[in-house]
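Here is the structure we will look at, set down as structure tokens.
In the numbering used here, the protein residues as written are 8 to 142.
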């Protein structure tokens, strides 16, 4: 599996995956190119996971003072339970450390037990409905 920072030239193969993500959030994916401008803007970190030459997942985060706030982690349904989300997260930790950030923040709905279990499995400490990772 390859995890890399996305650029304008390699975000295009990830757009169908993004479309799937937006549909799970019941969002209308009307302007996927607008998303690429948003995801690749200054202050954002967009990581892509490729497995067997196929886009498999992505992580989108933004820098906020001394924290990295994870906005989205998504893995193709057919490729889940293979460690892709964990690999994306650990790559985000590396990026946060390189940028001198002190914490990583993730939010999960109370009702989303799978997301909470995943986040807690990474070693997060709950803070109300958010989780923080001390680096």
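For every residue, glycine included, the Cβ atom is placed at its ideal position computed from N, Cα and C.
DSSP, reduced to helix, strand and coil, places residue 17 within a helical segment of the structure shown. In the three-state reduction of the DSSP assignment, residue 124 falls in the helix class, which pools H, G and I. In this structure, residue 113 and residue 77 form a Cβ contact; the two beta carbons are roughly 5 Å apart against a cut-off of 8 Å. Between the region 69 to 85 and the region 15 to 30 there are three or more C-beta pairs closer than 8 Å, enough to call the two in contact.
The three-state secondary structure of residue 59, taken from DSSP, is coil. Rounded to whole angstroms, the gap between the alpha carbons of residue 140 and residue 20 is 31 Å. Around the beta carbon of residue 13, 16 or more other beta carbons lie within 10 angstroms, which makes this residue buried. Following the DSSP letters along the chain, one finds residue 79 in no alpha helix (DSSP H) but inside the beta strand (DSSP E) bounded by residues 74 to 82. Here residue 68 is bridged, per DSSP, to 52 and 77.
Residue state for residue 114 is assigned as strand, using DSSP reduced to three classes. In this structure, residue 54 places its C-beta atom within 9 Å of the C-beta atom of residue 95. Setting aside the 5 residues that flank it on each side, residue 99 is surrounded in the same chain by 52, 54, 66, 68, 75, 77 and 111, each with a C-beta closer than 8 Å to its C-beta; the list follows chain order. Check the Cα spacing between residue 129 and each of 70, 102, 71 and 92: the tightest is with 92.
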